[in-house]
Amino acid sequence: MALAPRQVSVLGSTGSIGASTLDVIARHPSDFSVYALAANRSVAAMLEQCLAFHPRYAVMMDERSAMQLRDQLPAGSATEVLHGADALCRVASAAEVDSVMAAIVGAAGLPSTLAAARAGKTLLLANKESLVMGGHLLMQAVRESGARLLPIDSEHNAIFQCMPVDEHARPGLAGVSKVLLTASGGPFRTWSWEQMREATPDQACAHPNWSMGRKISVDSASLMNKGLEFIEACWIFNLPAEQVDVIVHPQSIIHSMVQYLDGSVLAQMGNPDMRTPIAYGLGWPGRVDSGVAPLDLVTTARLDFTAPDEARFPCLRLARESVSTGGTAMAVCNAANEVAVDAFLNGRIRFTDIPALIETVLERVTIVEPTTLDVVENADTEARAAAAAHLVDMTGRPTEATLA
Ligand code: NAD
Ligand code: MG
Numbered sequence: 005m006a007l008a009p010r011q012v013s014v015l016g017s018t019g020s021i022g023a024s025t026l027d028v029i030a031r032h033p034s035d036f037s038v039y040a041l042a043a044n045r046s047v048a049a050m051l052e053q054c055l056a057f058h059p060r061y062a063v064m065m066d067e068r069s070a071m072q073l074r075d076q077l078p079a080g081s082a083t084e085v086l087h088g089a090d091a092l093c094r095v096a097s098a099a100e101v102d103s104v105m106a107a108i109v110g111a112a113g114l115p116s117t118l119a120a121a122r123a124g125k126t127l128l129l130a131n132k133e134s135l136v137m138g139g140h141l142l143m144q145a146v147r148e149s150g151a152r153l154l155p156i157d158s159e160h161n162a163i164f165q166c167m168p169v170d171e172h173a174r175p176g177l178a179g180v181s182k183v184l185l186t187a188s189g190g191p192f193r194t195w196s197w198e199q200m201r202e203a204t205p206d207q208a209c210a211h212p213n214w215s216m217g218r219k220i221s222v223d224s225a226s227l228m229n230k231g232l233e234f235i236e237a238c239w240i241f242n243l244p245a246e247q248v249d250v251i252v253h254p255q256s257i258i259h260s261m262v263q264y265l266d267g268s269v270l271a272q273m274g275n276p277d278m279r280t281p282i283a284y285g286l287g288w289p290g291r292v293d294s295g296v297a298p299l300d301l302v303t304t305a306r307l308d309f310t311a312p313d314e315a316r317f318p319c320l321r322l323a324r325e326s327v328s329t330g331g332t333a334m335a336v337c338n339a340a341n342e343v344a345v346d347a348f349l350n351g352r353i354r355f356t357d358i359p360a361l362i363e364t365v366l367e368r369v370t371i372v373e374p375t376t377l378d379v380v381e382n383a384d385t386e387a388r389a390a391a392a393a394h395l396v397d398m399t400g401r402p403t404e405a406t407l408a
């Protein structure tokens, strides 16, 4: 007898990772069934996904979007429309759900990611910001509930695949000496600081190898994405900062590596397409077809590696330093970055102002122990307020946050 399909909640379904997740699910209708979809305000995209996947629930962030979606769904639709942060946590932790794809962008994803972890779900974690902010809480929840954390970020997925199963929390015992985190270098890999000063949002979002949402694309251009991933690797694999190295590898064919004390280095390779780590997460511990073309190494021909340049890309240093500081420093770094990226995308600051803004916020906000979700969320709020205040100093204009 065939097993019942796995019930999946896709949080952030209308985004880049969400759409790739549904693409993989659609290839395996008898293996996976969509329990819930959740998004911010993209009603049209959500409507289309509801019609194609017939989820039990569709969750929109606000009531207005939920009403619009309800009006547009055909009469008799089996999909119930909900809204708000509590509903998001409910569909992340419902008893019927097996796997949760956490693919909301930014700090907004933390409560629902944590809810899935606390409910013991198989947690497919794309929302790296939730680990950066609340790594301590999230890893504790995973340990206590017996949730299975499967990293979807391609680098961490690669590391996960290169480590012996069940030794992820104790890499030292498995003979791991280092994790080698690869970075494409982003669209400005070869640009000078002066060139980056004039960079536009569209140039920052034109990633050479990956197609992604705008926030993570800017993070990739500043190398803050690698900084966030550095923090993510320390949490997921329980490693001190000294055991994580960043290596620039412009082709994005090797997605990261694990170095063992006997000299072995294991790498995971593939074409740069997020459907590979997503399919790994959905099919784990088995493998399912992702629709990604097989890797052709002869066409690829060469793989290059260089050290990252932290003088041109200070965001990587700031993220590393926030790991050494510990406590809520990582949450503060993340929040300041979200404000800075938003200000850059809206034409308020230059690309090269992003690290300066983050550094100022890290100096001004008091760092405390991240004991509860409230403490972490307060640090996030405080950092956003400090960032907004400094933005006024930088630009002479208040932000929406300071006006509110
Ligand atoms: P995106 O901007 O394309 O999509 C974000 C999704 O989150 C959308 O569906 C949006 O509606 C939803 N959303 C935003 N705010 C919300 C809120 N408050 N409540 C509910 N839903 C909300 O982003 P993306 O590129 O898909 O990235 C998603 C996450 O995955 C990010 O944390 C990113 O760092 C991570 N990630 C992405 C990639 C990639 O290739 N795109 C790779 C690795 C990791
Ligand atoms: Mg990544």
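Going by the numbering used here, the first residue of the sequence shown is number 5, and it counts up by one from there.
Virtual Cβ for every residue (Gly too), placed ideally from N, Cα, C.
So is residue i buried or exposed if we call it buried at 16+ other beta carbons inside 10 Å?
i	result
S196	exposed
H58	exposed
F309	exposed
V269	exposed
N350	exposed
R122	buried
D384	buried
T18	buried
D66	exposed
D90	exposed
P281	buried
A145	buried
E100	exposed
A387	buried
T83	buried
R401	exposed
V20	For the record, residue 20 in the displayed sequence is Ser; it is not Val. By the neighbour-count rule (16 or more Cβ atoms within 10 Å), S20 is buried.
S34	exposed
L407	Legend: pLDDT at L407 = 43, less than 50; position of this residue unreliable, no value from coordinates given.
S328	exposed
V14	buried
V47	buried
Starting from residue i, follow the beta strand (DSSP E) in both directions and report where the run begins and ends.
i	result
H478	A query on residue 478 cannot be resolved here, the shown segment of the chain reaching from 5 to 408 and no further.
H253	Looking at the DSSP string, H253 is not in any beta strand (DSSP E), and its letter there is neither H nor E.
F36	F36 to A43
L265	Unbroken run through L265: none, as it is neither H nor E.
L15	R10 to L15
Using a Cβ cut-off of 8 Å (strictly closer), state whether residue i contacts chain C.
i	result
D206	Of the chains in the structure shown, none is chain C; there is only one protein chain.
Need the endpoints of the alpha helix (DSSP H) that residue i sits in, please.
i	result
H394	L377 to T399
E373	Here E373 belongs to no alpha helix (DSSP H), and DSSP marks it neither H nor E.
G22	S20 to A30
R321	P318 to T329
T303	L301 to T304
D357	D357 to R368
E342	A333 to L349
- Item | contact_flag[the segment 101–114, the segment 124–140] where n(CB pairs < 8 Å) is 3 or more | yes
- Mind listing, in chain order, the continuous alpha helix (DSSP H) runs of no fewer than 4 residues lying wholly within the segment 173–237? 197–201, 205–209 and 218–226
- Message: Could you check whether the segment 96–107 touches the segment 120–129, counting it as contact only if at least three pairs of C-beta atoms, one from each stretch, sit closer than 8 Å?
- Response: yes
- Query: What are the start and end residues of each continuous alpha helix (DSSP H) run of 4 or more residues lying completely inside the segment 49–117, in chain order?
  - Reply: 67–76 and 89–97
- Item | Pocket of ligand 2 (residues with CB nearer than 7 Å to any heavy atom), chain order | D157, S158, E159, N229 and E233
- Item | Continuous alpha helix (DSSP H) assignments of at least 4 residues falling wholly in the segment 112–163 | 114–122 and 132–149
- Does the segment 204–214 touch the segment 331–344, meaning 3 or more C-beta pairs lie closer than 8 Å? Taking 8 Å as the limit for Cβ pairs, the verdict is that the segment 204–214 does not touch the segment 331–344.
- Task: Jot down the residue ranges of each uninterrupted alpha helix (DSSP H) in the segment 268–299, minimum 4 residues, whole runs only, in chain order.
- Result: 279–287
- Message: I'd like to know if the segment 196–208 and the segment 288–301 are in contact, where contact means that at least 3 CB-CB pairs between them fall below 8 Å.
- Response: Contact fails: fewer than three Cβ-Cβ distances are below 8 Å.
- Message: Could you check whether the segment 256–269 touches the segment 159–168, counting it as contact only if at least three pairs of C-beta atoms, one from each stretch, sit closer than 8 Å?
- Response: yes
- Message: Does the segment 218–226 come into contact with the segment 139–153, if we say contact requires no fewer than three beta-carbon pairs (one atom in each stretch) closer than 8 Å?
- Response: No: fewer than three Cβ pairs fall under 8 Å.
- Could you tell me whether the segment 317–335 touches the segment 227–236, where touching means 3 or more Cβ pairs closer than 8 Å? Three or more Cβ pairs drawn from the segment 317–335 and the segment 227–236 lie within less than 8 Å of each other, which places the two stretches in contact.
- the segment 339–347 / the segment 388–400 touching (three or more Cβ pairs under 8 Å): Under the 8 Å Cβ criterion, the segment 339–347 counts as touching the segment 388–400, having at least three qualifying pairs.
- Item | Touch test, the segment 285–295 against the segment 28–44, Cβ-Cβ under 8 Å, three pairs minimum | yes
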